[in-house]
Structures are given as C-alpha cells and as structure tokens.
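Here the structure comes first, spelled out in structure tokens, and everything after it is commentary.
In full-length UniProt numbering, the protein residues as written are 1 to 149.
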C-alpha cells in the first residue's frame, strides 16, 4: 500500500468509521427505545438467541461480545433486573455462572429483530451490499489488530 498522510479529517477512514459508529448508536438508541434496550443489551440478546437454550457461561458470552467481566457483570445485572436474562451457577461447575434468556426474551425475539430490520431498511442497502460492507469493515479491523507497536 502506498503511504497515506492524514490531511483533512473528512477524508480519513478512521473519522468515517467514528462518524458511522455515532450514527449507528443513534439508530440503535431510537430503534430499541420501544423495548427499553441499549445497544449492548441488544447484542447480548443476539448472542444468547444464537446460543443453546441452556445458555452460556459468562466467560464465553464475554468472549463473543469482546467485553471483560467489569463491563459484562453490571450489564447482565441490569438485564436480569429488567427480566431479559437469568444468571445461575452452573450445575456442572458451581464456580461458573450461566446466563440464560427468560421467556420474555424468547417471546420478543422475532418482534425485536423485525423492528430493527424495518428501521434499517430505510438505509436502502441490499442484502448483498450490506454483507459486502460488513466484510470490508471486518477486514479493516483484522488488519489493524495485527499491527504491532
């Protein structure tokens, strides 16, 4: 790759990603408002909806979300207080905490996903365009994570 020197902030990839992240935060804030969910709570639900019904150990959940226990524990406590998840000691290993979805979470899965999809439809991206852009952002992330300082 040829050398890139930063000039105008509007032309920087990092600023475009930052601005997009801010727009996504606003989008998810508005689209999840009817369910009183935050973005982090929503992606936690996405991981758990995709997991076995028996739930996930907190450490596994944190790994999939890229969150440490200092962030995940209060998040799960709030979700438990709102009736989205339960947290119980593992039957196999009492030292481990298992997170499971409640009936409320299972019952609202399709409604929440449909609502977010309907809101996102206003972006006018085709499924193919959407997948392509997701893969491009993932590739950028992977390249940046490989950089050694």
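Beta carbons are placed, not taken as given, at the ideal position from N, Cα and C, and that holds for glycine. All values derive from a computational prediction rather than experimental measurement.
Straight-line Cα distance separating residue 94 from residue 132: Against the chain shown, residue 132 aligns to sequence position 132. Against the chain shown, residue 94 aligns to sequence position 94. One C-alpha to the other measures close to 43 Å.
Touch test, the region 52 to 62 against the region 100 to 118, Cβ-Cβ under 8 Å, three pairs minimum: yes
Cβ contact (3+ pairs, closer than 8 Å) linking the region 113 to 133 and the region 66 to 73: Two segments are said to touch when three or more pairs of C-beta atoms, one from each, lie closer than 8 Å; by this definition the region 113 to 133 does not touch the region 66 to 73.
Residue ranges of each beta strand (DSSP E) within the region 29 to 109, 3 or longer: 85 to 89 and 97 to 101
Residue 128 classed as buried or exposed, judged by whether at least 16 other C-beta atoms fall within 10 angstroms: Position 128 of the chain shown, counting from 1, holds the residue named residue 128. Residue 128 is exposed by the Cβ-count criterion.
Where the alpha helix (DSSP H) through residue 144 begins and ends: Indexing the chain shown from 1 puts residue 144 at position 144. For residue 144, the uninterrupted alpha helix (DSSP H) segment begins and ends at 127 to 145.
Contact belief for residue 84 with residue 40 at Cβ below 8 Å, rounded distance in angstroms: Translated into the one-based positions of the chain shown, residue 84 becomes position 84. Translated into the one-based positions of the chain shown, residue 40 becomes position 40. 12 Å between Cβ atoms; not a contact.
Whole-angstrom distance between residue 145 and residue 98, CA atom to CA atom: Working through the chain shown from its first residue, we reach residue 98 at position 98. Working through the chain shown from its first residue, we reach residue 145 at position 145. Approximately 30 Å between the Cα atoms of the pair.
Reduced DSSP category for residue 26 - H, G, I as helix; E, B as strand; rest coil: What you label residue 26 is simply residue 26 of the chain shown in a count that begins at 1. Of the three classes helix, strand and coil, the one that applies to residue 26 here is helix, per DSSP.
Local conformation of residue 150 per DSSP, three classes: Residue 150 falls outside the range modelled here, since the chain spans only 1 to 149, and no answer is possible.
Span separating the alpha-carbon of residue 4 from that of residue 138: Residue numbering aside, residue 4 sits at position 4 when the chain shown is read from its first letter. Residue numbering aside, residue 138 sits at position 138 when the chain shown is read from its first letter. About 20 Å.
Other residues of its chain near residue 90: CB distance less than 8 Å, five sequence neighbours each side excluded: Taking the chain shown and counting its residues from 1, the one referred to as residue 90 is at position 90. Taking C-beta separations shorter than 8 Å and ignoring five residues to either side along the sequence, the partners of residue 90 in its chain run 57, 96, 97 and 98, following chain order.
C-alpha gap between residue 123 and residue 79, whole angstroms: Within the chain shown, the letter at position 123 stands for residue 123. Within the chain shown, the letter at position 79 stands for residue 79. Cα to Cα, residue 123 sits roughly 29 Å from residue 79.
Collapsed DSSP secondary structure at residue 113 in the structure displayed: Numbered from its first residue, the chain shown carries residue 113 at position 113. Note: residue 113 maps to helix in three-state DSSP.
Euclidean distance between Cα positions of residue 22 and residue 77: Within the chain shown, numbered from 1, the residue matching residue 22 stands at position 22. Within the chain shown, numbered from 1, the residue matching residue 77 stands at position 77. Using only the alpha carbons, I get a separation of about 26 Å.
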